[in-house]
Amino acid sequence: MMKSIVLKRGRDESVRRFHPWIFSGAVASVEEAPYEGEVVEVLSHDGHFLAYGHYQKGSIAVRILTFAQDFRPSEDGRMPLAFWQDRIGKALNMRRTLGLPSSGTDCYRLVHGEGDSLPGLIVDIYGDVAVLQAHSAGMYLSADLVAEALMSCAGVRAVFNKSEGTAPHKAGLDLHDGYICGDCLSDETAVSENGHKFLVNWAAGQKTGFFLDQRDNRQLVGSYAAGRKVLNLFCYTGGFSVYALNAGASSVVSVDSSAVAVGMLRRNVELNSGESDAARRHSAVCADAIDYLRDSRPGEFDLMVVDPPAFAKHRDALDNALRAYRRLNAAAIAKIAPGGLLFTYSCSQAVDRKAFELAVFSAAAQTGRSVRILRRLTQPADHPVNIYHPEGDYLKGLLLYVE
Ligand code: SAH
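As structure tokens, then:
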């Protein structure tokens with residue numbers, strides 16, 4: 001029996017505008033206690049079908065999978081394999097339109113949650129391995145079906161589930177990372193991005209192993225890096241650093257507080273530069289980025305990348321996060337050499353572009369230096385934003401020219 005969620009009168013508006021979430025405050029009644037992650041049908045107050053979606057306890061009660069009845073849930077309360085094959089097929093078509101994969105790039109995001117009408121699901125491709133990350137109970141419980149669809153449609157030889165840290169802990173699921181389909185002798189592979197080489201370890205790395213969302217921004221940094229003295233703060237495994245070195249930066253210092261990341265950074269520089277002069281232009285530093293910046297000489301660097309982790313994971317942390325962005329950017333603007341280029345980012349979903357820019361504006365004002373915005377930066381096209389879900393526009397950046 002299909003379980004249903006009935007909305008309050010007048011609370012079906014956002015669903016009719018195709019917003020993919022139903023907040024618990026909009027729910028009038030939950031019929032027959034669905035399990036967390038079960039597919040429910042969403043009905044208007046007068047009983048009209050609106051959508052199917054994954055039910056979960058919490059502020060988002062339903063994450064919508066379809067506004068149509070093209071696929072119906074199976075007896076077990078999950079969407080059938082054909083649904084997943086259809087959606088993965090559509091996601092693949094879009095990436096093919098973008099030219100992904102290409103001769104120079106074999107790593108990309110295949111499924112970007114709401115942006116691919118699959119709320120709660122991330123799938124990143126590294127060569128012939130797919131790494132799946134569930135952010136909802138429903139996606140975690142369907143991981144085997146998603147994996148089967150990936151094996152049959154996306155031509156991968158293994159699917160790794162990296163959801164232990166992201167799927168809800170309170171939903172009573174037995175969370176663990178590991179291969180769902182296929183197997184790999186090693187959890188690590190070498191991928192290419194715009195012709196640059198990177199080692200990715202999906203088991204030991206952060207997120208799915210690599211920050212694919214900075215691909216276009218790394219390319220941009222490469223295009224300005226020749227002859228520059230580069231400081232890459234929050235460098236992780238050295239994405240921006242490798243592009244800058246390969247583009248002829250005169251020196252690159254990369255800073256991250258994670259020893260695992262810095263170990264991988266060293267190997268990535270070596271993989272691209274060997275024993276050559278590029279490797280000699282690079283220093284890897286395992287330290288707190290803010291301390292490092294504070295102790296650096298004014299004018300020591302004339303290109304900086306500042307790409308911190310999400311300071312605001314939730315809305316209640318917003319004020320503190322904005323203060324942190326302001327302090328960090330003020331320190332960077334104060335220290336950069338005259339004529340310097342500052343690439344600064346926020347990946348906090350709770351901080352919108354306007355708030356981030358305001359924080360950077362007041363940081364600039366604090367230093368009193370003349371600062372121009374050269375570009376506004378964002379996530380690449382394989383991280384699409386669902387037009388009905390503007391919250392998906394999470395990566396915000398500015399390229400500043402500091403006099
Ligand atoms: N720019 C990177 C991604 C950065 S993710 C890329 O292109 O791949 C954010 C990084 O910040 C993580 O690697 C995390 O280990 C690091 N980090 C978090 N807090 C830090 C701190 N206080 N100082 C230095 N690094 C920090």
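Residue numbering for the sequence shown follows our numbering, starting at 1 and increasing by one per position.
Yeah, the Cβ is synthetic: ideal placement off N, Cα and C, and Gly gets one too.
Inter-residue CB distance, residue i and residue j (contact presumed, cutoff 8 Å)
i           : j           : result
residue 109 : residue 314 : Contact flag wrong, Cβ pair sits at about 23 Å.
residue 136 : residue 120 : 3 Å
residue 344 : residue 306 : 5 Å
residue 289 : residue 241 : That belief does not hold up - the Cβ atoms of residue 289 and residue 241 are roughly 13 Å apart, past 8 Å.
residue 8   : residue 28  : 5 Å
residue 131 : residue 208 : 4 Å
residue 398 : residue 376 : 6 Å
Coil, strand or helix - residue i by DSSP
i           : result
residue 347 : coil
residue 90  : helix
residue 146 : helix
residue 328 : helix
residue 404 : A query on residue 404 cannot be resolved here, the shown segment of the chain reaching from 1 to 403 and no further.
residue 265 : helix
residue 336 : coil
residue 155 : coil
residue 385 : coil
residue 137 : helix
residue 55  : strand
residue 196 : strand
residue 279 : helix
residue 44  : coil
residue 170 : helix
residue 210 : coil
residue 288 : coil
residue 71  : coil
residue 18  : coil
residue 49  : strand
DSSP bridge partner residues for residue i (one or two, in chain order)
i           : result
residue 301 : Paired residues: none, contrary to the question.
residue 23  : 60
residue 160 : 131 and 179
residue 356 : The partner list for residue 356 (beta bridge, DSSP) is empty, contrary to what the question assumes.
residue 241 : Paired residue(s): none; residue 241 is not in a bridge.
residue 126 : 107 and 129
residue 190 : 199
residue 401 : 341 and 372
residue 377 : 397
residue 6   : 29 and 43
residue 296 : BP columns for residue 296 are empty, so no partner.
Same chain only: Cβ atoms within 6 Å of residue i, ignoring 5 sequence neighbours per side
i           : result
residue 182 : 157 and 158
Proximal residues to residue i (C-beta, below 8 Å), its chain only, five neighbours per side dropped
i           : result
residue 17  : 388
residue 175 : 140, 163, 164, 167 and 169
residue 92  : 110, 153 and 154
Same chain, Cβ closer than 7 Å to residue i, neighbours up to 5 away in sequence not counted
i           : result
residue 197 : 190, 271 and 272
residue 330 : 363, 366 and 367
residue 221 : 240, 243, 244, 305 and 343
residue 78  : 39, 141, 142 and 145
residue 76  : none
### Task
Examine the Cβ distances between the region 231 to 241 and the region 249 to 269 and report whether three or more of them are shorter than 8 Å.
Yes: at least three Cβ pairs fall under 8 Å.
### Task
Report yes or no: do three or more beta-carbon pairs, one from the region 130 to 149 and one from the region 162 to 180, lie closer than 8 Å?
yes
### Message
I want to know whether the region 294 to 311 touches the region 273 to 283 - three or more CB-CB distances under 8 Å.
### Response
No, the region 294 to 311 does not touch the region 273 to 283.
### Task
Indicate whether the contact test is met: 3 or more Cβ pairs, each with one atom in the region 214 to 222 and one in the region 333 to 340, closer than 8 Å.
no
### Query
Are there three or more Cβ pairs, one per stretch, closer than 8 Å when the region 141 to 156 is compared with the region 67 to 87?
yes
### Message
Taking contact to mean 3 or more Cβ pairs, one atom from each stretch, closer than 8 Å, check whether the region 31 to 45 and the region 60 to 76 are in contact.
### Response
Between the region 31 to 45 and the region 60 to 76 there are three or more C-beta pairs closer than 8 Å, enough to call the two in contact.
### Task
Taking 8 Å as the threshold, find out whether the region 192 to 209 comes into contact with the region 225 to 233 through three or more Cβ pairs.
no
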